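Colleague:
Protein chains: 2
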Amino acid sequence: MDLRDTILGLLSWRPASGYDLKRIISNSEVFYWSGNNNQIYKSLIELQNEGLVTHQVHIQESLPAKKVYSITEKGLAVLHQSLLRAPEIPELRKGFLIQLAWAEILPDGEILALLEKYEQEIAGRLRMYQAQTARPGRSPDRSPREKYLWKRISENLSATTRTELEWVRQTQQDVRERKF
Amino acid sequence: MDLRDTILGLLSWRPASGYDLKRIISNSEVFYWSGNNNQIYKSLIELQNEGLVTHQVHIQESLPAKKVYSITEKGLAVLHQSLLRAPEIPELRKGFLIQLAWAEILPDGEILALLEKYEQEIAGRLRMYQAQTARPGRSPDRSPREKYLWKRISENLSATTRTELEWVRQTQQDVRERKF
DNA sequence: TAGAACATGTAAGACGTTACATGATTCA
DNA sequence: TGAATCATGTAACGTCTTACATGTTCTA
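Keeping their order, the protein sequence lines are chains Z and A.
Going by the numbering used here, the first residue of the first sequence is number 25, and it counts up by one from there.
Going by the numbering used here, the first residue of the second sequence is number 25, and it counts up by one from there.
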């Protein structure tokens with residue numbers, strides 16, 4: 025599942041401009057790219073050259089014209105193929121664990137301070153996920169099944185973050201009580 | 025915590041050759057880079073030019089000579105600074121969630137097949153972590169505290185993976201029972 | 001009046017991966 | 001005899017990010 029597949033997926037939900045895609049990808053944690061123009065506009069041109077998407081120019085009064093992209097039959101077929109590919113294992117990039125790995129050179133107090141800062145960050149992130157899930161209209165909802173799947177996707181991120189929060193709290197407690 | 029910091033950290037544990045570092049990084053999930061030569065050998069040269077590491081050539085009979093790198097005082101100071109930086113939030117790249125996001129075009133049976141394949145992958149990964157934790161001598165152990173921290177790091181990955189496993193099993197069950 | 005939102009695009013560079021190049025030794 | 005391990009390095013390429021460039025409209 026690379027950015028191209030993701031764009032095809034988004035367009036299989038509904039037509040969108042490059043700017044729309046940028047906004048969606050930037051604000052989403054699931055679509056984990058930064059949502060920079062360079063990749064998105066280049067990918068759209070590429071996908072169009074391959075006949076997987078088309079676009080129509082919409083002229084707006086008092087706003088710049090925009091190119092609204094739609095997925096083609098061929099694009100849908102390609103998307104279908106990538107959905108059937110073997111699932112990838114998650115890539116977990118936790119810089120904080122590397123920080124902890126060399127924390128031997130720090131006194132207990134500084135390790136605790138780090139753990140507390142990390143807890144704050146994670147707690148904030150969890151609140152963000154929960155607020156985002158509550159907001160309606162942000163996800164495809166073409167059937168009860170699709171609604172369910174998107175709820176589960178959102179719950180996946182929350183569950184992962186909750187586990188992280190429990191982990192850091194337990195670690196804090198152990199360090200405070202010097203349980204080692 | 026980038027690759028350079030990670031190399032400094034590893035060298036703060038013990039001197040190592042580029043090849044040693046490559047092996048450690050390749051086999052570790054915490055140090056999440058691929059461990060390719062290009063980055064590692066280039067970083068070592070860079071770090072040496074900045075005076076953060078030095079090396080001694082060890083000539084071995086019946087094996088190629090190697091450059092054994094050590095961290096300098098200056099390198100230790102730089103490492104200390106990066107340990108005190110504000111913790112980064114984990115980057116979770118779960119391609120599978122994106123696959124599920126567009127699974128509306130698949131029948132229940134194919135979604136279930138995907139979920140089962142994913143479960144297998146995750147279960148395998150969890151077994152791998154647990155086996156790796158059991159293996160001794162793979163981590164710094166300069167004090168009970170450091171030993172504890174490394175245990176917690178390893179437990180973090182296991183806990184995250186266990187949560188993922190529970191999530192996929194619950195999702196499977198819901199889809200089987202069509203709970204939506 | 002300054003900044004955010006809308007809208008499309010390009011340039012430069014950092015970051016990361018695979019594959020290539022070389023060559024001895026060890027093990028199945 | 002072929003593959004894996006040890007050991008250092010380079011080339012080519014793909015991915016991803018930040019910043020630049022341009023211009024209007026709306027809001028604080």
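For each residue, glycine too, the CB sits at the ideal point set by N, CA and C.
What you are looking at is a predicted structure, and each value in this text was computed from that prediction instead of being measured.
Given a cut-off of 8 Å, decide if Leu68 of chain A and Ile122 of chain A are closer than it, judged by their beta-carbon atoms.
Modeller: Residue mapping note: residue 122 of chain A aligns to position 98 of the second sequence, counting from 1. Residue mapping note: residue 68 of chain A aligns to position 44 of the second sequence, counting from 1. No. Outside cutoff.
Colleague: Suppose the cutoff is 6 Å on Cβ atoms and the five residues either side in sequence are ignored; what does the same chain contact list for Ala127 of chain Z look like?
Modeller: In the first sequence, counting from the first residue as 1, residue 127 of chain Z sits at position 103. Ile135.
Colleague: With a threshold of 8 Å, are at least 3 pairs of Cβ atoms found where one atom belongs to the segment 176-186 of chain Z and the other to the segment 152-160 of chain A?
Modeller: Judged by Cβ distances under 8 Å, the segment 176-186 of chain Z makes no contact with the segment 152-160 of chain A, as fewer than three pairs qualify.
Colleague: Pick helix, strand or coil for Ser106 of chain A, following the three-state DSSP scheme.
Modeller: In the second sequence, residue 106 of chain A corresponds to position 82, counting from 1. It is helical.
Colleague: Look up Thr187 of chain A in the DSSP assignment and give the residues it is bridged to.
Modeller: Within the second sequence, residue 187 of chain A is the residue found at index 163, counting from 1. Bridge partners of Thr187 of chain A: none, in fact.
Colleague: Suppose the cutoff is 6 Å on Cβ atoms and the five residues either side in sequence are ignored; what does the same chain contact list for Leu71 of chain A look like?
Modeller: Taking the second sequence and counting its residues from 1, one reaches residue 71 of chain A at position 47. So the qualifying residues of the chain are Val77.
Colleague: Note down, in chain order, all residues in the segment 25-51 of chain A with a beta-carbon under 9 Å from any beta-carbon belonging to chain Z.
Modeller: Interface annotation for the segment 25-51 of chain A against chain Z: Met25, Asp26, Asp29, Thr30, Leu32, Gly33, Leu34, Ser36, Trp37, criterion Cβ-Cβ distance under 9 Å.
Colleague: Looking at the strands, I want to know which residues DSSP matches up with Ser94 of chain A.
Modeller: Translated into the one-based positions of the second sequence, residue 94 of chain A becomes position 70. According to DSSP, which records beta bridges pairwise, Ser94 of chain A is partnered with A:Thr78.
Colleague: Could you pull the start and end residues of the beta strand (DSSP E) that Glu115 of chain Z belongs to?
Modeller: Start at 1 with the first residue of the first sequence, and residue 115 of chain Z comes out as number 91. It spans 115-117 - the beta strand (DSSP E) in which Glu115 of chain Z sits, taken as one unbroken run.
Colleague: Would you mind reading off the limits of the alpha helix (DSSP H) that contains Ser50 of chain A?
Modeller: Start at 1 with the first residue of the second sequence, and residue 50 of chain A comes out as number 26. Where Ser50 of chain A is concerned, the enclosing alpha helix (DSSP H) stretches over 42-51.
Colleague: For the alpha helix (DSSP H) that contains Trp57 of chain Z, what are its first and last residues?
Modeller: As a position in the first sequence, residue 57 of chain Z is number 33, starting the count at 1. Unbroken run through Trp57 of chain Z: none, as it is neither H nor E.
Colleague: Taking only three categories from DSSP, how would you classify Leu87 of chain Z?
Modeller: In the first sequence, counting from the first residue as 1, residue 87 of chain Z sits at position 63. Note: Leu87 of chain Z maps to strand in three-state DSSP.
Colleague: Taking any Cβ of chain A, which residues in the segment 111-124 of chain Z have a Cβ under 8 Å from it, in chain order?
Modeller: For the segment 111-124 of chain Z, the set of positions with a beta-carbon nearer than 8 Å to some beta-carbon of chain A reads Pro111, Glu112, Ile113, Pro114, Glu115, Leu116, Arg117, Lys118, Gly119, Phe120, Leu121, Ile122, Gln123, Leu124 in chain order.
Colleague: Could you name the residues of chain Z that Ser167 of chain A contacts, counting a contact when the two beta carbons are closer than 8 Å?
Modeller: Translated into the one-based positions of the second sequence, residue 167 of chain A becomes position 143. Chain Z residues near Ser167 of chain A: Glu128.
Colleague: Grouping DSSP H, G and I as helix and E and B as strand, with all else coil, what is Asp198 of chain A?
Modeller: Taking the second sequence and counting its residues from 1, the one referred to as residue 198 of chain A is at position 174. Asp198 of chain A falls in the helix class under three-state DSSP.
Colleague: Since Pro39 of chain A and Tyr93 of chain A should fall inside the 8 Å C-beta cutoff, what is the C-beta to C-beta distance between them, to a whole number of angstroms?
Modeller: Position 15 of the second sequence, counted from the first residue, corresponds to residue 39 of chain A. Position 69 of the second sequence, counted from the first residue, corresponds to residue 93 of chain A. Correct: roughly 6 Å between the Cβ atoms.
Colleague: DSSP three-state label for Met152 of chain A, please.
Modeller: Position 128 of the second sequence holds residue 152 of chain A. In the structure shown, Met152 of chain A sits in a helix (DSSP, three-state: H, G or I).
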